[in-house]
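Asks: Below you'll find the structure I mean.
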Amino acid sequence: MTRGLSGLCAARRLKERNEELRVLVLEAKDRVGGRTLTLSLPASNGQDSWDMGGQWVASSQTHVMDLIQDLGLEVYPQFTEGKKVHHMGGANAKISTYTSSIPSFSPLVLLDFVRFLWRTERLCVSVCVENPMETPQALQLDSMTLQSYMDQNIWTTQLTEELKLCTRTVFGMEPSQLSFLYFLMYSTAAGGVMKLLETTPGSAQEFKVKGGTQQLSERVAERLGRENVRLGSAVTAIWQDEESVQVKTGVSKITCKAVIVTCPPHMAAQIEYHPALPLERQRLARCMPVGHMTKFIITYPTAFWKEKGFSGEIVAHPSESCPFGVTFDASSPGGSPALVGFISGVQDCYWNSRELEDRRDAVVSSLVKYLGPGAASYIHYEEKNWAKEEYNGGCPVSVMVPGMLTFYLPSLRKPCGRIYWAGTETATRWCGYLNGAVQSGQRAALEVLADVSPDVLSESELQEVRADLTKARVDLSRVWDHTGGSASLSRFLVGLSVMVVTVGGAVFLLRPRWCSSWLSCVLAVIQK
13 MTRGLSGLCA ARRLKERNEE LRVLVLEAKD RVGGRTLTLS LPASNGQDSW DMGGQWVASS
73 QTHVMDLIQD LGLEVYPQFT EGKKVHHMGG ANAKISTYTS SIPSFSPLVL LDFVRFLWRT
133 ERLCVSVCVE NPMETPQALQ LDSMTLQSYM DQNIWTTQLT EELKLCTRTV FGMEPSQLSF
193 LYFLMYSTAA GGVMKLLETT PGSAQEFKVK GGTQQLSERV AERLGRENVR LGSAVTAIWQ
253 DEESVQVKTG VSKITCKAVI VTCPPHMAAQ IEYHPALPLE RQRLARCMPV GHMTKFIITY
313 PTAFWKEKGF SGEIVAHPSE SCPFGVTFDA SSPGGSPALV GFISGVQDCY WNSRELEDRR
373 DAVVSSLVKY LGPGAASYIH YEEKNWAKEE YNGGCPVSVM VPGMLTFYLP SLRKPCGRIY
433 WAGTETATRW CGYLNGAVQS GQRAALEVLA DVSPDVLSES ELQEVRADLT KARVDLSRVW
493 DHTGGSASLS RFLVGLSVMV VTVGGAVFLL RPRWCSSWLS CVLAVIQK
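Per the working numbering, the very first residue in the sequence shown carries number 13; after that it's consecutive.
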């Protein structure tokens, strides 16, 4: 078993269900935690803890929330009270503030957004996360990028730029780099597009973990027993036959009944396999690029932004003068003031070609521009470029390029002999997040138990495993046959869009004070 929270959760589930099993976790790094990392940084009270990797959880993420409760940890809400800053459209564009869940768009951009969101959320309803090939028009949706879909369905340049920024923040990639069907699947696994973007109840940025998210891995490792978790043990090769599996690290060989590989797909592709993995699995692992993201924490003696009525949330168009796209309040539960921000996608590539001091100075200068001179008086600036993290090579998630999902996704979870697969990329609930890591590890553990110790599973659990494995089979005829029904759906959406635009336009032109209420009602209907 290799790497991260997912592998630890798989090991924990195996031991919970059968104490007689001997389980060994092989962790490539010199620490546990994978894409979570909690550091102690200089702060107003001396030292405090902040997450430099994955940090948010949500009430809708039941797998990780159950784990948090079981480990005796606590969560606290993301601070959102006050004015939010919005600056899109270039350096000379107007800087505005807002207090609602979305920026104060112009009527046309707002209508464009509602129309796009309606269309996209309706498509999400048709997506089967467990087997996206069952989605109507799967081949067509997988043949286009998110960018090409935006080009075909968005009227305004501003909304295009807003959604590009959202894509960079969520995936660490440009919309031209990922399959549109993958985007729909990813959104559906989270409960919808807006769930990925908001801080509202059940949304991705709802809660943080007191003391940091790396504690999840640390506490699970402690319960497993440190003797069962080997650090600095990068797996280089895996041999298997009908009876057993042999796993090779730099210093040892381990023989076992089964192995669960939980590292990101692009890292799993670097392991040597004997016999070779099926061709579709090889191609999949080599064609899932990982996002580019640098995260920074900047600590302050006082929360000056709160004193001025700001929430700390900034949405800005990254440029040659502003590295980040978004920031949030990152004040600790102990009261240490801080801000967190993200440099993502193509901007991360650009800014990481420059010196750390240049990035830091540009970040501080931009914060002064948006929040006032108090931003210049910081205590400490810390950043984490995940592209430079050994055994990760990027963050937050590996994505699928066009054409990969409909043909190769089943092999992402399908066992290869005695090799099983987990990791947040393989999850069906909140993939790409901590919840996905937990869920996929638990799912892979059940698959192993069904093979090596089926008597500890209930009949319903065995049926669930069999159903999952059935969905992992490639059936191209189902993809080719799903071509009907799209025309009527398209006509319905076009007609609905015209109605929304007409009614919405009338509201904006005749009753400006109703704008906020009207939008809230529309968004509520869409999300239902």
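Where a beta carbon is used, it is the ideal one built from N, C-alpha and C, also for glycine.
(1) Quick check on this structure: which residue in Gly347, Ile355, Glu93 and Leu53 has the alpha carbon closest to the alpha carbon of His329?
(2) Here's the rule: buried if 16 or more other CB atoms are within 10 angstroms of the residue's CB, otherwise exposed. What is Ser323?
(3) If we ignore side chains and look at the alpha-carbon of each, how far apart do Arg24 and Phe219 end up?
(4) Tell me whether Glu471 is buried or exposed, calling it buried when 16 or more other Cβ atoms sit within 10 Å of its Cβ.
(5) Give me the residue from Thr311, Arg441, Gly204 and Thr74 with the minimum Cα distance to Arg134.
(6) Give the straight-line distance between the Cα atoms of Glu39 and Pro427, rounded to the nearest whole angstrom.
(7) DSSP three-state label for Thr438, please.
(8) Under 8 Å, with one C-beta from each stretch per pair, do the stretch 186–198 and the stretch 310–317 reach the 3-pair mark?
(9) Is it true that the stretch 276–286 meets the stretch 344–353, where meeting means three or more beta-carbon pairs spaced less than 8 Å apart?
(10) Residues in its own chain within less than 7 Å of Asp423 by CB, not counting five upstream and five downstream?
(11) Could you check if Cys361 is buried or exposed, using at least 16 other CB atoms within 10 Å of its CB as the buried criterion?
(12) Identify which residue in Ser116, Ala201, Gln217 and Gly84 has its Cα closest to the Cα of Val232.
(13) What does a CB cutoff of less than 7 Å around Ser138 pick up in its chain, not counting 5 residues either side in sequence?
(14) Going along the chain, which residues of its own chain have a beta-carbon closer than 6 Å to the beta-carbon of Gly429, five neighbours each way excluded?
(15) Drop a sphere of 10 angstroms on the beta-carbon of Lys176, count the other beta-carbons inside from all chains shown, and report buried for 16 or more, exposed for fewer.
(16) Excluding the 5 residues flanking Met162 on each side, which residues of the same chain have their C-beta closer than 7 Å to its C-beta?
(17) Are the Cβ atoms of Leu120 and Thr168 separated by less than 8 Å?
(18) The alpha helix (DSSP H) that contains Asp78, what's its start and end?
(19) Mapping the DSSP letters down to three states, classify Leu508 as helix, strand or coil.
(20) Which residue comes first and which comes last in the beta strand (DSSP E) that contains Ser106?
(21) As a quick exercise: from Ile266, His304 and Lys381, pick the residue whose alpha carbon is nearest that of Val35.
(22) Would you please state the rounded distance, in angstroms, between the beta carbons of Asp42 and Thr50? I believe it to be under 8 Å.
(23) Going by DSSP in three states, Pro330 sits in which element: helix, strand or coil?
(24) State the Cα-Cα distance for the pair Ile272 and Lys318, rounded to the nearest angstrom.
(25) Restricting to runs no shorter than 3 residues, where is the beta strand (DSSP E) found entirely within the stretch 361–433?
(26) Hey, would you say the C-beta of Val139 is under 7 Å away from at least one heavy atom of the ligand ZN?
(27) In terms of residues, what are the limits of the beta strand (DSSP E) holding Met305?
(28) When you compare only the Cα positions, how much space is there between Leu421 and Glu254?
(29) Report back the beta-carbon spacing between Gly353 and Cys21 to the nearest angstrom; my notes put them in contact at under 8 Å.
(30) Where does Thr200 sit, in a helix, a strand or coil, going by DSSP?
(31) Looking at Gly46 and Thr225, is the spacing between their C-beta atoms short of 8 Å?
Replies: If we stick to the structure as given:
(1) Ile355
(2) buried
(3) 24 Å
(4) Looking at its Cβ environment, which holds fewer than 16 other Cβ atoms inside 10 Å, Glu471 is exposed.
(5) Gly204
(6) When rounded, the separation of the alpha-carbon atoms in Glu39 and Pro427 is 21 Å.
(7) helix
(8) no
(9) no
(10) Sequence inspection shows Ser at residue 423; the Asp mentioned does not correspond to that position. Pro290, Glu292, Arg293 and Leu296, listed in sequence order.
(11) exposed
(12) Gly84
(13) Thr147 and Pro148
(14) Gln252
(15) buried
(16) Thr172, Leu175 and Pro187
(17) yes
(18) Thr74 to Asp82
(19) Its pLDDT being 48, under 50, Leu508 is placed unreliably in this model, and the coordinates cannot settle the point.
(20) Correcting the residue identity first, residue 106 is Lys in this sequence and not Ser. Here Lys106 belongs to no beta strand (DSSP E), and DSSP marks it neither H nor E.
(21) Ile266
(22) That belief does not hold up - the Cβ atoms of Asp42 and Thr50 are roughly 15 Å apart, past 8 Å.
(23) coil
(24) 46 Å
(25) As far as the stretch 361–433 is concerned, its whole beta strand (DSSP E) runs of at least 3 residues are 392–397 and 431–433.
(26) Judged by which ligands are present, the structure shown has none, so any question about the ligand ZN falls away.
(27) Met305 to Thr311
(28) 25 Å
(29) With a Cβ gap of about 29 Å, Gly353 and Cys21 do not count as contacting.
(30) Helix, per DSSP.
(31) No, they are not a contact pair.
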